[in-house]
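Visitor:
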Amino acid sequence: MKKWMKMILPAALAVTIATAALPAQEAQASIISSSGWEYYNLNGYADEGDSESGIYKENEATGEVVKLTGEWTTGDIYVAGDWVYYTVMASHDYIGGEGMVPSYMMRIKQDGTGKEQISQEEINTMAVEGDWIVYSAYEATDKHEGNKLMRMKTDGTEVSPFTEDSAVLLVNKDGWIYYINAADEHLYRVKIDGTGKTRLADEYSNILYGTLQIEDDLLLYTGSQDQESGNNASYVIRLDGSGKIKISDEESFLESVDGEWIYYYDMDPELYNFFYTKIKRDGTGKTRLEELAPVDPSTDHAAPAFTDVSGHWAENAIAWAKDWEISSGYPDGTFRPDSNVSEEEFLKMFLAAFGVEDELGDQAVRWSDAYYEFAADRNYPVLGGTSTDAKSRFVTRQSVAEIMAKADGADVLGDRAVQYLLDMGYSEGKNGATVEGYAGQDTLTRAEAIQFIRNAMENGLEI
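Residues -20 to -1, 1 to 443 (mature numbering (1 follows the signal peptide of the UniProt record, and there is no 0)) are what the sequence shown spells out, left to right.
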């Protein structure tokens, strides 16, 4: 069992072991030890009720595993008193502004009884600290004016504003709440009683898709010097804001801290993959510890299986994508097939599958810039070419149809692009092989992206 990791990962990673304002996407969000038991949550593919999703506890002495609830959770879990606290996705048929989806706060006793919804209020994320829950109140329309930080007792009483700030990403430790303030996009911390508010960093952080993670006495966050650049480097600081070091020019997340060494996963922008890396607390001695093993694409399903795709409808396509190094999944061994995909993620997977890396220009500011330059040169109808926010926004199935159709030489948009994909065999639709059954306004999942790409390659699409 891995040690407890408390984090929120960016959407560019398809987001995250613990995600903010997104549908449940993580395979394993957190592990907490309490009274001889380890509590953890898993999210796996649900099929007719046969699902690994839920909250579990494992006896640290005997290895006995008990499933407390089978719900698909949307973030970290917390153990306080006799209760386990968690969030589940609210029942909504839409995605709000910036791809945000609300959750409900839940709790269940450590013996699996007494499950209840703590509040009817929809939230983005929460943190349980002592007798209090601090949470980001869900507002679908405006990420800056909505999403106010609120506070309530762990039994759902004494609800009140926590600060005047709006935030989506938040984590906590030792009586402090850490968050990205929507007003100025900087990292802050404040005590659980609402006092001691302090800005910890000068960098600008994406309030929806940035990274916040606490490990031991350190906090990792992503940020950029220029508010508009979208170049999110990774920084580590002590919990009081001192000792800042830059550990990567790309997105990263912590694995553990051992004395003077920090161990983490660092993204290689060329391979779009993560490598196990270490660095000293003073920023020296950065060393890559683990190289990716080469894979022979001629061997069917040669790559190791992901831990969360067994029984999934796209299991074979995902194994194919791993073998062909189109997508390698996440450092924790998961693929997260039902996570949504941003436009830049899809564009990278799509172009990488057709081997166009040698035609790409030099990387500019953001990791996806070269892919967008390639797309712009060929007039692909991508939205992120002129908007940084659009790059990281979830892509719709219709937009993917338009991109793939143009890549295949067809100048068609909207329903005509959807019909083109159906006619060419690049898609069989979501609810049927019709324009309506294609469900063009739905957001694309990682599994669907891989299946589209495989269908296109097997049916003769050429770039």
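C-beta atoms are modelled at their ideal positions from N, C-alpha and C, and glycine is treated no differently. Keep in mind it's a predicted model, so treat the numbers as computed, not measured.
1) What residues are listed by DSSP as bridge partners for residue 68?
2) Are the beta-carbon atoms belonging to residue 359 and residue 328 less than 8 Å from one another?
3) Grab me the residues of residue 269's own chain with a C-beta within less than 7 Å of its C-beta, minus the 5 sequence neighbours each way, in chain order.
4) Along the chain, where does the alpha helix (DSSP H) containing residue 172 start, and where does it finish?
5) What is the DSSP secondary structure of residue 300, reduced to helix, strand or coil?
6) Starting from the C-beta of residue 423, find all residues in its chain whose C-beta is less than 8 Å away, skip the five residues before and the five after it, and write them out in chain order.
7) Verify whether the separation of the beta carbon atoms of residue 441 and residue 418 is less than 8 Å.
8) Return the Cβ separation of residue 233 and residue 193 in integer angstroms, given the expectation that the two are a contact with Cβ distance under 8 Å.
9) Using the three-state DSSP reduction, which class does residue 266 fall into: helix, strand or coil?
10) Go to residue 157, then tell me how far its beta strand (DSSP E) extends in each direction, as first and last residue.
11) Count the other CB atoms, across all protein chains shown, that sit within 10 Å of the CB of residue 186; report buried if there are 16 or more and exposed otherwise.
12) For residue 439, which option in 105, 411, 403 and 427 has the closest C-alpha, if you only look at C-alpha atoms?
13) Leaving out five residues on either side along the sequence, give the residues of the same chain with a beta carbon under 6 Å from the beta carbon of residue 409.
14) Can you grab the Cα-Cα spacing for the pair residue 314 / residue 265, in whole Å?
15) Return the CA-CA distance between residue 85 and residue 317, expressed in angstroms with no decimal places.
16) Find out if the Cβ-Cβ distance for the pair residue 58, residue 108 is shorter than 8 Å.
17) Can you list, in chain order, the residues of its chain whose CB lies under 6 Å from that of residue 427, leaving out five sequence neighbours each side?
18) Whose CA, out of 260, 391 and 303, lies closest to the CA of residue 430?
19) For residue 33 versus residue 44, is the C-beta spacing smaller than 8 Å?
20) Terminal residues of the continuous beta strand (DSSP E) containing residue 34?
21) Would you tell me roughly how many angstroms separate the C-alpha atoms of residue 399 and residue 226, rounded to the nearest one?
22) Where does residue 87 land, buried or exposed, given buried means 16+ other C-beta within 10 angstroms?
23) Within 10 angstroms of the Cβ of residue 241, are there 16 or more other Cβ atoms? Answer buried if so, exposed if not.
24) Compute the Euclidean distance between the alpha carbons of residue 350 and residue 310, then round it to the nearest angstrom.
25) Just to confirm before moving on: does the CB-CB distance between residue 166 and residue 147 stay below 8 Å?
26) Which ranges would you report for the alpha helix (DSSP H) in the segment 322 to 375 if only whole runs of at least 4 residues count?
27) In three-state terms, what does DSSP make of residue 426?
28) Classify residue 55 as buried or exposed, calling it buried when 16 or more other Cβ atoms lie within 10 Å of its own Cβ.
29) Figure out for me which residue from 82, 91 and 69 has the closest Cα to the Cα of residue 14.
30) Can you say whether residue 379 is buried or exposed, counting buried as having 16 or more other CB atoms within 10 angstroms of its CB?
31) If residue 237 and residue 198 are in contact, beta carbons under 8 Å, what's the gap, nearest whole angstrom?
32) Measure from the C-beta of residue 287 to each C-beta in chain B and report whether the shortest distance is under 8 Å.
33) Going by C-alpha distance, which of 20, 53, 70 and 66 is nearest residue 46?
34) Going along the chain, which unbroken runs of the beta strand (DSSP E) with 3 or more residues stay wholly within the segment 85 to 144?
35) How is the beta strand (DSSP E) around residue 234 delimited, first residue to last?
Guide: Reading it off the structure:
1) On the sequence shown, residue 68 is found 88 positions in, with the first residue counted as 1. Residue 68 pairs with 53 and 84.
2) Reading the sequence shown from its first residue, position 379 is the one you call residue 359. Reading the sequence shown from its first residue, position 348 is the one you call residue 328. Not closer than 8 Å, so no.
3) Mapped onto the sequence shown, residue 269 falls at position 289. Counting only Cβ-Cβ distances below 7 Å, and skipping sequence neighbours, we find 256, 257 and 258.
4) The count along the sequence shown starts at 1 and reaches residue 172 at position 192. Note, residue 172: premise wrong, no alpha helix (DSSP H); not H, not E.
5) Counting from one through the sequence shown, the residue named residue 300 turns up at place 320. In the structure shown, residue 300 sits in a helix (DSSP, three-state: H, G or I).
6) Here residue 423 is taken as the residue at index 443 of the sequence shown, counted from 1. 75, 79, 320, 321, 374, 375, 376 and 377, listed in sequence order.
7) Within the sequence shown, the letter at position 461 stands for residue 441. Within the sequence shown, the letter at position 438 stands for residue 418. Their beta carbons are not under 8 Å apart, which means residue 441 does not touch residue 418 by this criterion.
8) Working through the sequence shown from its first residue, we reach residue 233 at position 253. Working through the sequence shown from its first residue, we reach residue 193 at position 213. Contact between residue 233 and residue 193 holds, with the beta-carbon distance rounding to 6 Å and staying under 8 Å.
9) On the sequence shown, position 286 is the one that residue 266 refers to. Assignment of residue 266 by DSSP, reduced to helix, strand and coil, places it in the coil class.
10) For the purposes of this step, residue 157 is identified with residue 177 of the sequence shown, where counting begins at 1. It spans 156 to 161 - the beta strand (DSSP E) in which residue 157 sits, taken as one unbroken run.
11) Here residue 186 corresponds to residue number 206 of the sequence shown, with the count starting at 1. Its Cβ being crowded by 16 or more others within 10 Å, residue 186 is buried.
12) Reading the sequence shown from its first residue, position 459 is the one you call residue 439. A check of alpha carbon separations from residue 439 across 105, 411, 403 and 427 identifies 403 as the nearest.
13) Stepping through the sequence shown from its first residue, residue 409 is reached at position 429. If we look at residue 409 and ignore the five residues flanking it on each side, its Cβ neighbours are 417 and 418.
14) Your numbering for residue 314 matches position 334 in the sequence shown. Your numbering for residue 265 matches position 285 in the sequence shown. It is roughly 29 Å from the alpha-carbon of residue 314 to the alpha-carbon of residue 265.
15) Taking the sequence shown and counting its residues from 1, the one referred to as residue 85 is at position 105. Taking the sequence shown and counting its residues from 1, the one referred to as residue 317 is at position 337. Whole-angstrom Cα-Cα distance: 24 Å.
16) Here residue 58 is taken as the residue at index 78 of the sequence shown, counted from 1. Here residue 108 is taken as the residue at index 128 of the sequence shown, counted from 1. Their beta carbons are under 8 Å apart, which means residue 58 touches residue 108 by this criterion.
17) Position 447 of the sequence shown holds residue 427. Here the set comprises 294 and 317.
18) Here residue 430 corresponds to residue number 450 of the sequence shown, with the count starting at 1. With distances taken between Cα atoms, residue 430 lies closest to 303.
19) On the sequence shown, position 53 is the one that residue 33 refers to. On the sequence shown, position 64 is the one that residue 44 refers to. No, Cβ-Cβ distance for residue 33 and residue 44 is not below 8 Å.
20) One-based indexing of the sequence shown puts residue 34 at position 54. 34 to 39 is the extent of the beta strand (DSSP E) around residue 34.
21) Taking the first residue of the sequence shown as 1, we reach residue 399 at position 419. Taking the first residue of the sequence shown as 1, we reach residue 226 at position 246. Straight through space, the alpha carbons of residue 226 and residue 399 are spaced by roughly 48 Å.
22) Taking the first residue of the sequence shown as position 1, residue 87 is located at position 107. With 16 or more Cβ atoms within 10 Å of its Cβ, residue 87 is classed as buried.
23) Translated into positions along the sequence shown, residue 241 becomes position 261. Exposed, because fewer than 16 other Cβ atoms sit within 10 Å of the Cβ of residue 241.
24) As a working note, residue 350 is residue 370 in the sequence shown. As a working note, residue 310 is residue 330 in the sequence shown. Using only the alpha carbons, I get a separation of about 23 Å.
25) On the sequence shown, residue 166 is found 186 positions in, with the first residue counted as 1. On the sequence shown, residue 147 is found 167 positions in, with the first residue counted as 1. No.
26) As far as the segment 322 to 375 is concerned, its whole alpha helix (DSSP H) runs of at least 4 residues are 323 to 333, 349 to 357 and 368 to 372.
27) The residue given as residue 426 occupies position 446 in the sequence shown. Residue 426 falls in the helix class under three-state DSSP.
28) As a working note, residue 55 is residue 75 in the sequence shown. Residue 55 is buried by the Cβ-count criterion.
29) For the purposes of this step, residue 14 is taken as residue 34 along the sequence shown, with counting starting at 1. Of the candidates 82, 91 and 69, the one whose C-alpha sits nearest the C-alpha of residue 14 is 91.
30) Working through the sequence shown from its first residue, we reach residue 379 at position 399. Buried is the call here.
31) Counting from 1 along the sequence shown, the entry for residue 237 is found at position 257. Counting from 1 along the sequence shown, the entry for residue 198 is found at position 218. Contact between residue 237 and residue 198 holds, with the beta-carbon distance rounding to 6 Å and staying under 8 Å.
32) Looking for chain B here will not work: only one protein chain is present.
33) Your numbering for residue 46 matches position 66 in the sequence shown. It is 20.
34) Entirely contained in the segment 85 to 144, the beta strand (DSSP E) runs reaching 3 residues are, in chain order, 103 to 109, 112 to 117 and 128 to 133.
35) Residue mapping note: residue 234 aligns to position 254 of the sequence shown, counting from 1. Here the beta strand (DSSP E) through residue 234 covers 232 to 238.
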